[in-house]
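Peer 1:
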Amino acid sequence: APCRQDPLFQWGICQLLGEIASDGIWDTAVRQQAVELIGELYKNDPEWAQDESVKTWMLAIIGQLGTVDDQPFSVTTQALLVELQQEQAPAAGLPYPL
Numbered sequence: 001a002p003c004r005q006d007p008l009f010q011w012g013i014c015q016l017l018g019e020i021a022s023d024g025i026w027d028t029a030v031r032q033q034a035v036e037l038i039g040e041l042y043k044n045d046p047e048w049a050q051d052e053s054v055k056t057w058m059l060a061i062i063g064q065l066g067t068v069d070d071q072p073f074s075v076t077t078q079a080l081l082v083e084l085q086q087e088q089a090p091a092a093g094l095p096y097p098l
């Protein structure tokens, strides 16, 4: 679908995944899969996040999720953030309203 390449669509999908990952109503496995999907889109999808603002948004979401109280979840999320930041040029963080 052509909308898949639209930065606003990508921002929205990232927002939804971030909301799933931050909501304790979901099992930890589901929350972790939401974060992993953001990471996979960031790293391995050539059509995704070509707009720099989308990549920055993805990093901001993962960074915010790394601060949650759920220790195993936050540790793996922080590890993913470090991995993605190593692939990224310096980026300004955007606040992620949870």
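Residue 1 is where the sequence shown starts when you use UniProt numbering, and the numbers rise one by one after that.
Glycine is no exception: its CB is placed at the ideal position from the N, C-alpha and C atoms.
Just to confirm, is the Cβ distance from Leu17 to Ala34 under 7 Å?
Peer 2: The answer is yes: Cβ separation under 7 Å.
Peer 1: If you draw a straight line from the C-alpha of Glu47 to the C-alpha of Ala21, how long is it?
Peer 2: Approximately 23 Å, taken between the alpha carbons.
Peer 1: Do Leu80 and Gly63 have their C-beta atoms within less than 7 Å of each other?
Peer 2: No, Cβ-Cβ distance for Leu80 and Gly63 is not below 7 Å.
Peer 1: What whole-angstrom Cβ distance do Thr67 and Gln32 have, given they're in contact under 8 Å?
Peer 2: No, Thr67 and Gln32 are not in contact; Cβ-Cβ is about 15 Å, not under 8 Å.
Peer 1: If you run the structure through DSSP and keep just helix, strand and coil, what is residue 120?
Peer 2: Because residue 120 is not part of the residues shown, which for the chain are 1 to 98, the question remains open.
Peer 1: Using the rule of at least 16 other Cβ atoms within 10 Å of the residue's Cβ for burial, across every protein chain shown, is Asp69 buried or exposed?
Peer 2: With fewer than 16 other Cβ atoms within 10 Å, it is exposed.
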